[in-house]
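Asker:
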Amino acid sequence: MARFIETELTLDHQYDPKTSRHYLNNQLSVLHCHHYATLYSQLADDVEFVDGKKLLADVAEDTFYSVLQEYFDANSIVTVNDKISIAEQYFAATGLGQMNVVYLGHESAEVELVHSHVDEGWIKKWGKRQAPVNFITQGYIAALVSLVNNKSTKNYQVIEEESIVSGAKRSLFKAVLQ
Amino acid sequence: MAINRSKIIDDMSKIKIIGNDEGLVPAFNVFITQLPAAFWNSFADRLTNMVQPELLEPAEYLLVNAAHECGYHTGYGIITSEEWNAVVQPMVEKVPEDILYGAYAILTAWGWGKAEIVELIPGKKKVVRAYDYYESDVVKYGKSGKKSAYMLRGVCAAFMDLAYGGQYDSTGKTGLHTFKCEQVKGIECGDPYGEFVVTKA
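Chains as they are written, first to last, in our numbering: chain A, 118 to 295; chain B, 7 to 207.
1) Going by Cα to Cα distance, which pick from A111/B, P42/B, N10/B and S154/B is closest to L69/B?
2) Thinking just about the alpha-carbon of each residue, which of N26/B, D17/B, K130/B and Y147/B is nearest to the one in A92/B?
3) Determine the direct distance from the alpha carbon of F121/A to that of D143/B, and round the result to whole angstroms.
4) In chain B, which residues lie with their C-beta within 9 Å of the C-beta of Q186/A?
5) Going along the chain, which residues of its own chain have a beta-carbon closer than 6 Å to the beta-carbon of Q274/A, five neighbours each way excluded?
6) Measuring alpha carbon to alpha carbon, tell me which of T180/A, K242/A, F166/A and Q159/A ends up nearest F208/A.
7) Give the single residue among K120/B, I38/B and I84/B whose Cα lies nearest to the Cα of Y199/B.
8) Counting along the chain, where does the alpha helix (DSSP H) carrying D168/A start and finish?
9) Between which two residues does the beta strand (DSSP E) holding L68/B run?
10) Looking only at its chain, what residues have a beta carbon closer than 7 Å to the beta carbon of G81/B, apart from the 5 residues adjacent to it on each side?
11) Cβ closer than 8 Å: which chain B residues qualify as neighbours of V250/A?
12) Take E277/A as the anchor and find which of Q255/A, H151/A and W243/A has the nearest alpha-carbon.
13) Is the beta carbon of F37/B closer than 8 Å to that of Q212/A?
14) Since I105/B is in the alpha helix (DSSP H), which residue starts that stretch and which ends it?
15) Using a Cβ cut-off of 7 Å, which residues of the region 253 to 283 of chain A contact any Cβ in chain B, in chain order?
16) Assuming L141/A contacts L261/A (C-beta within less than 8 Å), just tell me the rounded distance between them.
17) So is K194/B in contact with chain A if we call contact Cβ pairs under 8 Å?
18) Where does the unbroken alpha helix (DSSP H) through T133/A begin, and where does it stop?
19) Cβ closer than 9 Å: which chain A residues qualify as neighbours of V57/B?
20) Note down, in chain order, each residue of its chain lying with its Cβ closer than 7 Å to the Cβ of L78/A, except the 5 sequence neighbours on either side.
21) Looking at H232/A and L30/B, is the spacing between their C-beta atoms short of 8 Å?
22) Which same chain residues end up closer than 6 Å to D129/A when comparing Cβ atoms and leaving out the 5 residues on each side of it in sequence?
23) Can you list, in chain order, the residues of its chain with a C-beta nearer than 7 Å to that of A262/B? Leave out the 5 residues immediately preceding and following it.
24) Just to confirm before moving on: does the CB-CB distance between L264/A and F189/A stay below 8 Å?
25) In angstroms with no decimal places, state the Cα-to-Cα distance between E103/B and P128/B.
26) Tell me whether K237/B sits in a helix, a strand or coil according to DSSP, three-state version.
27) N10/B touches chain A at which residues, Cβ-Cβ below 9 Å?
28) What number of angstroms, rounded off, separates the C-alpha of N198/A from the C-alpha of K22/B?
29) What is the DSSP secondary structure of S107/A, counted as helix, strand or coil?
30) Just checking my contact of Y257/A with A191/A at CB under 8 Å: how many whole Å lie between their CB atoms?
31) Show which residues of chain B have a CB atom less than 7 Å away from the CB atom of Y220/A.
32) Closer than 6 Å by C-beta to A161/A: which residues in its own chain qualify, once you throw out the five before and the five after it? Chain order, please.
33) Do F185/B and G172/B come within 8 Å of each other at the CB atom, strictly closer than that value?
34) Would you grab the beta carbon distance between K291/A and H151/A for me? Rounded to a whole angstrom, and I think it's under 8 Å.
Structure follows, in structure tokens:
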């Protein structure tokens, strides 16, 4: 019986013993814990001399835009469904959490996290708080929506409307074309 | 048996990390991510180059502190893990010095930096050299006047906290920040290696 095959993320992990560096799909990658991610997020939230939240989201958008685009190009990922599926799988594979794209269009998108490294790490470290902290995922979503719509970075504003860190069952992000 | 650094690196560098059904990696009593080094480097480099000169030191402190806490808690998780007990613990003869040497083999295996202790005065001072580390990638040409290995600085101090700072405290209220680290050389600054000097805080 015929069956549909879902596009699966392929991860190629290489370790270079000469430099002691790890590569995931040719991208130099490093392991870090939730203390590191949450302290970076706290730093971004607290820092007064620059807009740290925007900076962290921008860095995430630039980084993951490049990573996902490179993967799409190398693996001939061209359909909207496949791009979204790969982005959700990559998010989970790297330990960032469980992401579901609710819908994605040209003007807007809605994305939920059922599990979140940053939120659950924050709760584990400091407990709940009212304001959102997942600036990294804001950037990740901006990158994904831009790539699916064949746009460059910094075209979508992403706002976190509900947050696991605040006690919600899921985090909910909305992206809007600027 | 003394610490066999090359065997530890060989064994521990083979560990494959991947998210579970919830997209999380619970390991060593923490949640782990495996992200592009460029992400961490970009945030640190942009932040430290955006701030006014008088605010550079506070910004650098915050970046080092993130790694200091990370190194303390994750370091403890590592040296009490099943993997550690299987690979490193049988080599440990002298505590805590052998644990420290073993921890740098793990640090190297995990890709934080190809680093080793070159001088150790128990309880007082440690000098570490890193012959390759991802944080030096912020410079591709020429020499920077700013040493950029904030993560290694924090982790080097944290490992001394674990070795000589008293009993591990999961709240971080005691034990943490009993040592501080200064980076005195950097590949990103044109030196052949990064060098880190850890002393009592």
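Heads up, the beta-carbon is just placed ideally off N, CA and C, and yes, glycines get one too.
Being a predicted model, the structure only gives us computed values, none of them experimental.
Answerer: In short:
1) S154/B
2) D17/B
3) 43 Å
4) Those do not exist, as Q186/A stays about 13 Å from chain B at its closest Cβ, beyond 9 Å.
5) V293 and Q295
6) T180/A
7) K120/B
8) Unbroken run through D168/A: none, as it is neither H nor E.
9) Segment L62 to I85 is the alpha helix (DSSP H) holding L68/B; no beta strand (DSSP E) there.
10) A109, A164, F165 and L168
11) What V250/A touches in chain B: nothing, since even the nearest Cβ is about 14 Å away.
12) Q255/A
13) Reading off the sequence, residue 212/A comes out as Gly, not Gln. Cβ distance < 8 Å, so G212/A and F37/B count as in contact.
14) E103 to A115
15) none
16) With 8 Å as the limit, L141/A and L261/A do not qualify as a contact, their Cβ atoms being about 18 Å apart.
17) Reading off the sequence, residue 194/B comes out as Glu, not Lys. Not one chain A Cβ lies under 8 Å of E194/B.
18) For the sequence presented, residue 133/A should be read as Asp rather than Thr. First-last for D133/A: H130 to D133, but that is the beta strand (DSSP E), not the alpha helix (DSSP H).
19) V164, F166 and V167
20) Past the boundaries of the shown model lies residue 78/A; chain A is included only from 118 to 295, so the question cannot be answered.
21) yes
22) N142
23) Look at the range of chain B in this structure, 7 to 207, and you will see that residue 262/B is not part of it.
24) yes
25) 7 Å
26) Residue 237/B is absent from the model: chain B starts at 7 and stops at 207.
27) Simply none; closest approach about 15 Å.
28) 28 Å
29) Here chain A has residues from 118 to 295 only, and residue 107/A is not among them.
30) The Cβ separation is near 19 Å, so there is no contact.
31) Correct list: empty, because the minimum Cβ distance to chain B is about 20 Å.
32) G169, K170, L173 and F252
33) no
34) Actually they are not in contact, since the Cβ atoms of K291/A and H151/A sit about 25 Å apart, beyond 8 Å.
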